[in-house]
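To start, the structure under review is shown below, and the notes come after it.
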Ligand code: FCB
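In my numbering, the protein residues as written are 13 to 499.
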């Protein structure tokens with residue numbers, strides 16, 4: 013065993029686990045990998061070489077003091093220059109489905125005209141992906157808000173919804189022919205509450221009312237963009253991506269059960285219910301009281317487009333156990349349980365018996381609640397494990413058994429949901445490379461990649477988890493071809 017690789021017996025165990033997983037997946041079940049533009053591209057390269065706009069993250073990372081070591085997305089993993097290598101990497105790992113984002117700050121100039129150099133960059137990336145037989149799932153907003161729009165108020169302004177729709181229109185008009193599916197937003201909970209209320213993400217603000225306005229404008233943008241895209245490219249399946257954090261009551265008391273309801277409404281239903289039913293959750297509105305803005309009923313009609321979406325993308329990292337708290341604006345507090353297993357960022361990954369079962373339960377709840385309102389198909393668009401690499405004691409850098417276990421466990425939960433009748437058709441691992449992890453910057457514990465990136469040279473080296481997916485993808489491809497020959 014050397015510093016980089018596990019010994020052979022480890023590999024054998026991993027092969028068995030990949031085989032066990034491959035056997036459970038139907039042939040048409042999608043296995044993919046994802047990332048987002050700002051986390052990989054290297055903003056300073058796109059700014060210099062294609063004159064793209066700065067995102068709001070650039071200044072925030074430098075000046076807010078809330079980003080690990082003030083790390084910026086300036087260099088990220090230099091996808092800007094290494095795009096061919098990365099496409100070949102995806103291909104060599106046997107992935108046939110890839111999710112990434114088309115950055116608003118790159119594709120549009122400040123005057124909302126098309127940035128031709130950026131457009132050509134995406135065209136060459138997409139052409140190579142398609143040429144290698146890889147299907148493209150493109151997100152239109154993965155937090156790449158142009159700095160000048162942020163300076164005018166960002167998502168607190170209603171006009172931002174309209175401005176975003178211009179980006180959506182141009183992206184699908186110019187690049188739609190390469191896209192297999194388009195996702196409008198990534199995690200509106202994060203772009204509103206995590207950014208304007210909890211202040212963990214850019215722009216780092218702390219006002220609940222503003223945050224509720226931001227959430228409303230994001231939902232409005234999503235509704236208007238759905239109509240726009242369906243008009244411009246009627247054949248392109250439109251979806252959107254939400255993060256879920258299922259909440260569970262600490263005790264079975266009425267108070268704690270109500271706390272779980274409030275937490276589920278805060279994270280999940282505040283975004284799903286308007287999309288599918290055209291209303292905001294009542295209990296949470298009451299909890300917010302005067303802090304909750306009054307929303308225009310006509311807006312709610314524009315927002316309720318759930319039944320027009322081909323796909324609901326679900327990102328899942330963790331669940332929550334909560335108890336009632338009367339002093340808190342949200343009405344509940346998370347509870348840390350003894351023996352809670354966390355990833356190296358402290359996110360709970362297994363509080364027996366809840367997690368990773370939380371993913372299955374979350375998918376089941378959504379199906380039960382929203383299928384009659386038009387939720388027809390889900391994809392798990394993100395799920396992944398953060399760790400510094402050598403995550404088991406004394407293990408080599410590229411040996412990441414906890415990540416393998418994480419993906420395997422969660423995939424089996426997804427299959428249990430599917431076998432129980434939940435329409436979930438695929439699973440995308442987050443993420444291809446150790447990239448820029450927002451407020452965690454390049455913190456060693458925040459490496460989510462299947463492929464290790466050397467922070468100095470930016471050299472890529474597949475970890476054991478990448479080999480695990482390669483094995484899984486290979487076994488499935490072989491089965492499809494054998495069955496094809498037999499038919
Ligand atoms: C999600 C984001 C993604 C990545 C993962 C770890 O919330 O969508 O960009 O940062 O978390």
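By construction, the Cβ of each residue, glycine as well, lies at the ideal position given by its N, Cα and C atoms.
Opposing strand residues paired with residue i [DSSP bridges]
i           : result
residue 333 : 260
residue 440 : 44
residue 464 : 473
residue 324 : 252 and 390
residue 109 : 147
residue 67  : 158
residue 126 : 120
residue 210 : DSSP output for residue 210 lists no bridge partner at all.
residue 445 : 463
First through last residue of the alpha helix (DSSP H) which encompasses residue i
i           : result
residue 57  : 55–62
residue 156 : Here residue 156 belongs to no alpha helix (DSSP H), and DSSP marks it neither H nor E.
residue 197 : Looking at the DSSP string, residue 197 is not in any alpha helix (DSSP H); the run it does join, the beta strand (DSSP E), is 193–198.
residue 87  : Careful: residue 87 lies outside any alpha helix (DSSP H) and carries neither H nor E.
residue 395 : First-last for residue 395: undefined, no H or E at that position.
residue 177 : 171–187
residue 418 : 413–431
residue 302 : Residue 302 -> no alpha helix (DSSP H), and no H or E assigned at all.
residue 450 : Counting along the chain, residue 450 falls outside any alpha helix (DSSP H), and DSSP gives it neither H nor E.
residue 52  : 49–52
residue 92  : 91–104
residue 340 : Careful: residue 340 lies outside any alpha helix (DSSP H) and carries neither H nor E.
residue 286 : 282–289
residue 244 : 220–244
residue 165 : Where residue 165 is concerned, there is no enclosing alpha helix (DSSP H), given that its DSSP letter is neither H nor E.
residue 379 : 369–382
residue 38  : Neither: residue 38 is in no alpha helix (DSSP H) and is coded neither H nor E.
residue 276 : 266–276
residue 311 : 309–315
Supposed close pair residue i, residue j - CB separation, criterion 8 Å
i           : j           : result
residue 43  : residue 439 : 6 Å
residue 112 : residue 48  : 6 Å
residue 389 : residue 429 : Between residue 429 and residue 389 the Cβ distance is about 13 Å, and since that is not below 8 Å, they are no contact.
residue 444 : residue 462 : 6 Å
residue 314 : residue 235 : 4 Å
residue 355 : residue 399 : 6 Å
residue 172 : residue 229 : 6 Å
residue 66  : residue 117 : 7 Å
residue 343 : residue 285 : The pair is not a contact, with the Cβ atoms about 17 Å apart (cut-off 8 Å).
residue 178 : residue 127 : Between residue 127 and residue 178 the Cβ distance is about 13 Å, and since that is not below 8 Å, they are no contact.
residue 72  : residue 216 : 6 Å
residue 293 : residue 308 : With a Cβ gap of about 18 Å, residue 293 and residue 308 do not count as contacting.
residue 41  : residue 311 : Actually they are not in contact, since the Cβ atoms of residue 41 and residue 311 sit about 37 Å apart, beyond 8 Å.
residue 434 : residue 376 : 6 Å
N- and C-terminal bounds of the beta strand (DSSP E) containing residue i
i           : result
residue 150 : 147–153
residue 11  : Residue coverage of the chain in this structure runs from 13 to 499, which leaves residue 11 outside it and unanswerable.
Item to complete: May I ask you to verify whether the region 439–448 touches the region 377–385, counting CB pairs closer than 8 Å and requiring at least 3?
Response: no
Discussion item. Within 8 Å, do at least three Cβ pairs link the region 23–35 to the region 134–143?
Written reply: no
Discussion item. Assess contact between the region 78–85 and the region 182–199, defined as three or more Cβ pairs (one per stretch) separated by less than 8 Å. Is contact present?
Written reply: no
Worksheet item: Between the region 264–271 and the region 318–338, do at least 3 Cβ pairs fall closer than 8 Å?
Response: yes
Item to complete: Indicate whether the contact test is met: 3 or more Cβ pairs, each with one atom in the region 274–281 and one in the region 219–238, closer than 8 Å.
Response: no
Worksheet item: Counting Cβ pairs closer than 8 Å, one from the region 472–482 and one from the region 408–419, do we hit at least three?
Response: yes
Item to complete: Please determine if the region 79–93 and the region 53–66 are in contact, where contact requires at least 3 C-beta pairs separated by less than 8 Å.
Response: yes
Fill in: Cβ pair count under 8 Å reaching 3, the region 239–258 against the region 194–205
yes
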